[in-house]
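Colleague: Before I ask anything, let me first share the structure, which is written out below as structure tokens.
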Amino acid sequence: MTNINIEVHHITRVEGHGNIVVNAKNGVLEECRLDIVETPRFFEAMLRGRPYTQSSHITSRICGICAVGHATASLRATENALGIELSEQTALLRKLIFHGEMLDSHVLHVYMLVAPDMLGVGSVIPLVKIAPDAVLRALRIKKLAGDLCAAIGGRHTHPIAMAVGGFTHFPSVAELKALRGRLVDARADMAETIKLAKTLPWPQFNRETEYVALRKEDEYAFIDGVITTTDGGKYELSDYRRVTNERMMPHSSAKHCAHKRESYMVGALARFNVNYDKLHPRAVAAAQELGLKPICTNPFLNTAAQVVEMVHSVEDAIGIIDELVGRGVHSEPLPPFPGKGGEGVGSCEVPRGILFHDYQIGDDGRVIGANCIIPTGQNLANVEADMRKLVPEIIDRPQDEIRQMLEMLVRAYDPCISCSVHFLDVKFV
Amino acid sequence: MKPKVAFFDFTSCEGCQLTVVDSLQTHVDLLDAVEIVQFREAMTEKGEDYAVAFVEGSISRQSDEARLKQIREQAAVLVALGACAHLGGVNAMKNAMPLDDVRRYVYGDKAEWYETYAARPISAVVKVDAFIPGCPIEREEFIEVVKALLMGRKPPIPDWPMCVECKRKENVCLFHQGGYCLGPVTRAGCGAICPTYGDGCEGCRGLIPDPNSNSMSDVLVKYGLTVDDMLARWTMFGTYQQMELQK
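Chains as they are written, first to last, in this note's numbering: chain A, 17 to 445; chain B, 1415 to 1661.
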């Protein structure tokens, strides 16, 4: 019978440091782990004592890919703690910059991190030679996404103009109109992206899983909403701990999470499964073309769900720009400190899934305490559960193939490890 | 022969390496000028034969030192990429707090499971040949540094204050608007991006050589601001430097 001994040290094409460790004797799986060896970051501790106005600028530094997402969750936590209401314009601009980040992150993951596996190359660099059109398309979409973020926040990685209660800079109507034109043109790139996704050899693997995402009745939720699970769970944001139930594991500097089962999944596939009925009609059409239906239980198709979301983001961004152009963009002052602190939870769906920030702020405007729960941390237990089902199904294949499948599985979750450390190496031991 | 280049990261958000990837949007020809042999975040291929190493992130645990020293041994040129590697950056905020308290606050009674120490810039561990400042780095500045390195020139990193760029952009001074700004003492090169987007400079590019601290104090007095408020801003990226100054 088969013996497996796999150890992938510092898995590549993911954000941060993780190892895969899998070991089987006589065809029986003995060890199956995702070790998170990223250095601990300690952001929650470091927020203590800082002025409340700095929290979003500090926590955006948790992650270079989902900086807008961290800033958003941070701002919502602060605003909820201080009882600050948002103007319609602020809510619209936040949604718009969020779509920019969603598009930027998804295109990076689909084209540069996942596609090379399925096209049999080690990275996007050889793709420049064998599939130049696809690479140039990816760079073009990425540039559009980055420019969208920059118009609103100053830049994508570590946005500047996003502030508690509003913005410190406003895009001009002319800038928004120019972006609208490029978003409309990007529909052709979306069609090509769907075509590419259709040709990729997605691994066939399913495991019944609980999916968790924010849900709103009036839109496909990215910012705020009710925590909703495919097992029927519904929780207000302030009850987030009842879903996440963080616990520490010796092999991971990122904490693990579980709701009612041993694990749950967050991210594009979870949002797709929870909120399919709220997708833009063009995104629904994209899902149909890709053969993706809720409830989809193949974690490898998280990447396909990202393609569907890219279409949604392009369309919704066009709609938001129309609304902003219609009402005009006005300079709005930031609200003053209300003179009294409080506690608040902020949540949004960053590209990798549901993110929570929870702050206590003192009456002097300084942060007293903070808790951040990162999507990748929430997915870790689920990745390991998937690995435990997947390995026996493919145990008769050559070890190199098993290793690659495991790396692809981890990559499908689009983990953001430096984020989750408060997480990746593949080791087959 | 194209020079072989590798990218490495320690304690960081990897945003500077992402900025390197983003620089390809406008400079895809970069791939013709250098051979990237290692870049874990973007590629699986892994070569150990490199001449130039770009290192992102600060050093925040003992066990990372050996890896950095090994990179130093291999690389003819070692470049600190971004504020974490260059200054210690945001990771060093914890240095000003009791380490045991910081560890227990996040990991509770399991604090011992996770190794950490006071975060430091990579120059505190190995000799650094060049640095690209900023949180995150500026795309164009990265390209300019690569060009300079390829031609054997000194990387063109400004040593004058950010205020110069801000004035050139004709921004209304943040101090006039009742804000806080570290522009008078912070290294230029970012195009005064934060003031341009309505926020004061946070000093992510580090202090200029010989900052005029008297003039900075005068500005604070003139606008009725306190040193404590400015320190709260400066220590976002400058805690490591601040603590070195106090030694």
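Heads up, the beta-carbon is just placed ideally off N, CA and C, and yes, glycines get one too.
In the DSSP assignment, find the alpha helix (DSSP H) that holds Q1439/B and state where it starts and stops.
Modeller: Neither: Q1439/B is in no alpha helix (DSSP H) and is coded neither H nor E.
Colleague: Assuming I411/A contacts E54/A (C-beta within less than 8 Å), just tell me the rounded distance between them.
Modeller: 29 Å between Cβ atoms; not a contact.
Colleague: Under 8 Å, do E226/A and T244/A count as touching if we go by C-beta distance?
Modeller: Taking 8 Å as the Cβ cut-off, E226/A and T244/A do not qualify as a contacting pair.
Colleague: I'd like to check one pair, V189/A with V330/A: are the Cβ atoms closer than 8 Å?
Modeller: No; because the gap between Cβ atoms is not below 8 Å, this pair is not in contact.
Colleague: Quick check: what's the CA-CA separation for L406/A versus L1445/B?
Modeller: Between L406/A and L1445/B, the C-alpha separation is close to 37 Å.
Colleague: By the 8 Å beta-carbon criterion, what residues does the region 1587 to 1609 of chain B contribute toward chain A?
Modeller: Under the 8 Å Cβ criterion, the region 1587 to 1609 of chain B contributes I1607 and C1608.
Colleague: Have a look at E1529/B and H33/A and give me their C-alpha separation to the nearest angstrom.
Modeller: Straight-line Cα distance between these residues: approximately 15 Å.
Colleague: Helix, strand or coil for H272/A per DSSP?
Modeller: Three-state result, H272/A: strand.
Colleague: Less than 8 Å between CB atoms is the rule here; does S139/A satisfy it with respect to chain B?
Modeller: Chain B contact via Cβ: present.
Colleague: For the alpha helix (DSSP H) that contains D374/A, what are its first and last residues?
Modeller: No alpha helix (DSSP H) holds D374/A; the beta strand (DSSP E) holding it covers G369 to I377.
Colleague: Ends of the beta strand (DSSP E) at T245/A?
Modeller: Counting along the chain, the beta strand (DSSP E) containing T245/A begins and ends at V242 to T245.
Colleague: Report the three-state DSSP secondary structure of D1543/B (helix, strand or coil).
Modeller: Coil at D1543/B, not helix or strand.
Colleague: Starting from the N-terminal side, write out each stretch of the alpha helix (DSSP H) that is 4 residues or longer and does not extend beyond the region 1554 to 1625 of chain B.
Modeller: Entirely contained in the region 1554 to 1625 of chain B, the alpha helix (DSSP H) runs reaching 4 residues are, in chain order, 1576 to 1582 and 1607 to 1610.
Colleague: Three or more C-beta pairs closer than 8 Å, one from the region 181 to 196 of chain A and one from the region 1614 to 1633 of chain B: is that the case here?
Modeller: No, the region 181 to 196 of chain A does not touch the region 1614 to 1633 of chain B.
Colleague: With DSSP run on the structure shown, which of helix, strand or coil describes M1415/B?
Modeller: Of the three classes helix, strand and coil, the one that applies to M1415/B here is coil, per DSSP.
Colleague: Do E60/A and N261/A have their CB atoms nearer than 8 Å?
Modeller: Their beta carbons are not under 8 Å apart, which means E60/A does not touch N261/A by this criterion.
Colleague: Do A333/A and L164/A have their CB atoms nearer than 8 Å?
Modeller: In this structure, L164/A lies closer than 8 Å to A333/A by Cβ.
Colleague: Give the DSSP-derived three-state secondary structure of N387/A in the structure shown.
Modeller: Correct three-state label for N387/A: strand.
Colleague: For F1422/B, name the three-state secondary structure that DSSP assigns.
Modeller: Note: F1422/B maps to strand in three-state DSSP.
Colleague: Consider the Cβ of F444/A: report whether some Cβ of chain B lies at a distance smaller than 8 Å.
Modeller: With a pLDDT of 31 at F444/A, under the threshold of 50, the modelled position of this residue cannot be trusted; read the value that follows with caution. Not one chain B Cβ lies under 8 Å of F444/A.
Colleague: Got a sec? Which residues, its chain only, sit under 7 Å from H1500/B by beta carbon, not counting five neighbours each side?
Modeller: Once the five neighbours on either side are set aside, the close Cβ partners of H1500/B are A1494, P1535, F1545, P1547 and G1620.
Colleague: Hey, is P187/A's beta-carbon within less than 8 Å of any beta-carbon in chain D?
Modeller: You won't find chain D in this structure, because its protein chains are A and B.
Colleague: Would you say V1419/B and V1469/B are within 8 Å of each other, going by their C-beta atoms?
Modeller: In this structure, V1469/B does not lie closer than 8 Å to V1419/B by Cβ.
Colleague: On the CB-based measure, 16 or more other CB atoms within 10 Å of its CB, does V24/A come out buried or exposed?
Modeller: Buried, since its Cβ has 16 or more Cβ neighbours within 10 Å.
Colleague: Is the shortest distance between the beta-carbon of F439/A and the beta-carbons of chain B less than 8 Å?
Modeller: Note that F439/A scores a pLDDT of 32, beneath 50, so its modelled location is shaky; the value from the coordinates is reported in the next line. Cβ-Cβ to chain B under 8 Å: no for F439/A.
Colleague: Which residues in chain A have a C-beta closer than 8 Å to the C-beta of Y1528/B? List them in chain order.
Modeller: The contacting residues are P56 and S269.
Colleague: Find the residues of chain B that neighbour H346/A, judging by a C-beta separation of less than 9 Å, and give them in chain order.
Modeller: Ordered by position in chain B, no residue passes the 9 Å Cβ test against H346/A, which lies about 14 Å from the chain.
Colleague: Helix, strand or coil for M206/A per DSSP?
Modeller: Looking at M206/A - three-state DSSP - the assignment turns out to be helix.
Colleague: Report the option in E1455/B, G1503/B, A1467/B and A1447/B whose CA atom is closest to the CA atom of I1473/B.
Modeller: If we check each option's Cα against that of I1473/B, G1503/B comes out closest.
Colleague: Check whether the Cβ atoms of L230/A and I370/A lie closer than 8 Å to each other.
Modeller: Their beta carbons are under 8 Å apart, which means L230/A touches I370/A by this criterion.
Colleague: In the DSSP assignment, find the unbroken alpha helix (DSSP H) run with E1479/B in it and report its ends.
Modeller: Unbroken alpha helix (DSSP H) run through E1479/B: E1479 to Q1488.
Colleague: Find the nearest neighbour of A428/A within the set F221/A, V290/A and R263/A, judged by alpha-carbon distance.
Modeller: Among F221/A, V290/A and R263/A, the Cα nearest to that of A428/A belongs to F221/A.
Colleague: Would you mind telling me which residues of chain B sit closer than 7 Å to T392/A, beta carbon to beta carbon, in chain order?
Modeller: Ordered by position in chain B, no residue passes the 7 Å Cβ test against T392/A, which lies about 13 Å from the chain.
Colleague: Based on Cα-Cα distance, which residue from G169/A, D430/A and N291/A lies nearest to C1608/B?
Modeller: Residue G169/A is the option with its Cα nearest to C1608/B.
Colleague: Within 8 Å, do at least three Cβ pairs link the region 97 to 104 of chain A to the region 1421 to 1433 of chain B?
Modeller: The answer is no - the region 97 to 104 of chain A does not touch the region 1421 to 1433 of chain B, with fewer than three Cβ pairs under 8 Å.
Colleague: With DSSP as the reference, please indicate the residues paired to E47/A in a beta bridge.
Modeller: Answer by DSSP bridge pairing, in chain order: N39/A.
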